[in-house]
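Report on the structure given below.
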Amino acid sequence: MNFVLIQKLLSVVYFALALALSFCMLGGLLMGESLSDTSIQGFFCSIAITLALACLLRFNATKVQVKNKGSDKLFFRREALCTIGLTWLSTALIGALPFFLGLQDCSFVDALFESTSGITTTGASIFNDFSELSYSLFLWRSLSQWIGGLGVIVFFVAILTSLGAGAKILFSNESSVTAADFEQGRIQDGVNKLLIFYSSLTGLCLLAYKLAGMNWFDAFNHAMTTIATGGFSTHEESFAHFNSPLIESVSILFMLLSATTFIFVIRLFEGAKDTFKRGMEVYVFYALTVLSMGLIAGLLLQTNSSVPQLKNIQDALFQTASIISTTGYTSTNYELWAPSAKIILMFLMFMGGCSGSTSGGIKIIRVMIAFKAIFRTIEQTYRPNKTIITRIGSKTLNDTFIYNVLLYVVLIFTIQGISVILLSLIEPNLNLISLFSAVQSSLYNIGPGFDFVGPTENYSAFADKSKLFLAFLMILGRLEIYALIVLFIPKIWRSYS
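Heads up: the sequence shown begins at 15 in the working numbering, then just goes up one per residue.
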């Protein structure tokens, strides 16, 4: 294992985190906080600790590199996976410091849960009373989600572009299927396009929210958490606080855009000729979204007669977009909906958005491939001698690729089942729906769930062990299992030759 290179990369990440923390502290000061405020002092300490860690890692890596020339040259898949896993784990720990040091009654476990929920763009919270949060902490909650959303797509690749093939290895293990989009061009060019698109989309969302009626602070925070499909809000009632169909409509648009494969949208704007041939996953995603919106709206109009019809339709559209994009905003208490409507929402939580986007879930492309594999197996039972080619749009899928997708689907469902059992041992008083929903919302980075973790509830009542376990599931789901699991396999840590 090339620990020298890993330390150098982690030091860069920590310097970047210190800069992000400084931005939030400065934002708090500009909003009226004083240097004597506990939250600002907490940020000062957090920045100092983060910079100290960065300098320590950099110094140690440089010291070893001087003794062993060329020790930073080797970079393979195991280095890539370990860099990703260690970065996310340590980022969650560093991100917890402002909450732990800046709030009087916040334990480190609660701070770590909130931080992990932010950086993984899950959006689950432990705070009952938002009045205890300062402007700087609100900014950090939102910025951590924006960084988390950005990191999934380009963060590590942007750092590792100087490593040649290592960048592609890292990108392949950080994204679902979009690595192939860069095979005919330089990865750096693709990273730059994604970064510009991500930032531009955030800016457009900010302006749209402001024009729709939000103040600048709310618009800035919600723009970051919308594009990251994170779901943190500056209000306990989430989007129900605004009670504005226009604001919700803006949110629907940007949540769905953020759950769409970014490369597809970029190519669409560039006018690439083969864009529509490569968009099968996007077509299925929007078809499923529209179908679900229609079904839920119809069910609400039939079963929720006490609510005005237009409100039912608006809630159906908003909650469908929020859940399938895994953003997790709420505009109403969907716990009061008919069971059939809630089942559709639960199904959408599994699905998630498109690959190469900021959304969580299994991803539409994997579900498509799984169904293709099932139908191919069925066809082979009565046509055993026929050679059946599996395609998604214009792309032909080989058996190895299909096998890996099916393996992931089986693995994620197995982990979910085992996690429900483990959580039930820690929380014996919770019913099955609450246990299942808490695990599902954490593993697929949704945020709100049902019953004990429903839209009007939070995770504050869970035991500390449960919070740590759910936080682990958040990172596991965000890294799509493998990049985190390798940290616990001893063989990976053998020294390279």
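Glycine residues also receive a C-beta, built at the ideal position from the N, C-alpha and C atoms. The structure displayed is predicted, hence computed values, not measured ones.
Rounded Cβ spacing between residue i and residue j (contact assumed at less than 8 Å)
i	j	result
residue 61	residue 32	5 Å
residue 365	residue 378	6 Å
residue 341	residue 243	4 Å
residue 56	residue 115	4 Å
residue 109	residue 139	Contact flag wrong, Cβ pair sits at about 14 Å.
residue 137	residue 246	5 Å
residue 370	residue 491	The Cβ separation is near 17 Å, so there is no contact.
residue 466	residue 444	6 Å
residue 406	residue 367	Contact doesn't hold; Cβ gap of about 16 Å is too wide.
residue 102	residue 493	6 Å
Environment of residue i [buried if 16+ CB atoms lie within 10 Å]
i	result
residue 454	buried
residue 249	exposed
residue 424	exposed
residue 322	exposed
residue 45	exposed
residue 281	buried
residue 277	buried
residue 304	exposed
residue 408	exposed
residue 431	exposed
residue 391	exposed
residue 328	buried
residue 397	exposed
residue 511	Note that residue 511 scores a pLDDT of 38, beneath 50, so its modelled location is shaky; the value from the coordinates is reported in the next line. Looking at its Cβ environment, which holds fewer than 16 other Cβ atoms inside 10 Å, residue 511 is exposed.
residue 476	buried
residue 232	buried
residue 299	buried
Sheet register partners of residue i (DSSP bridge)
i	result
residue 409	406
Three-state secondary structure assigned by DSSP to residue i
i	result
residue 259	helix
residue 193	Residue placement at residue 193 is poorly supported in this model, since its pLDDT is 47, which falls under 50; the coordinates still yield a value, given next. In the structure shown, residue 193 sits in a helix (DSSP, three-state: H, G or I).
residue 293	coil
residue 442	coil
residue 99	helix
residue 42	helix
residue 228	coil
residue 356	helix
residue 464	coil
residue 433	helix
residue 473	coil
residue 286	coil
residue 351	coil
residue 318	coil
residue 454	helix
residue 11	Outside the shown range of the chain, which is 15 to 511, sits residue 11, and nothing can be said about it.
residue 325	helix
residue 59	helix
residue 177	Because the pLDDT at residue 177 is just 49, under 50, the model does not fix this residue reliably, and the value given afterwards should be weighed accordingly. Residue state, collapsed to three classes: helix.
residue 217	helix
residue 376	coil
residue 306	helix
residue 16	coil
residue 51	coil
residue 501	helix
Contact set for residue i: own chain, Cβ-Cβ below 7 Å, skip 5 residues either direction
i	result
residue 266	331, 332 and 335
residue 381	365
residue 63	111
residue 356	348 and 464
residue 488	130, 131, 134, 136, 456 and 459
residue 461	136, 137, 138, 245, 342 and 455
residue 478	123
residue 42	53, 54, 148, 149, 150 and 153
residue 352	313 and 317
Close-in-space but distant-in-sequence residues of the same chain around residue i (CB under 6 Å, 5 per side omitted)
i	result
residue 386	404
residue 75	18, 21 and 22
residue 3	This structure cannot settle anything about residue 3, because the visible part of the chain is limited to 15 through 511.
residue 349	468
residue 252	343 and 344
residue 113	120, 125 and 128
residue 25	68, 71 and 72
Residue-chain proximity (residue i, chain B), Cβ-Cβ < 9 Å
i	result
residue 373	Looking at the structure shown, chain B is missing, and only one protein chain is on hand.
Own chain, CB closer than 8 Å to residue i, minus 5 neighbours either side, in chain order
i	result
residue 261	223, 226, 227, 228 and 253
residue 258	226 and 227
residue 39	54, 57, 58, 61 and 150
residue 495	422, 425, 426 and 429
residue 47	53, 54, 148, 149 and 150
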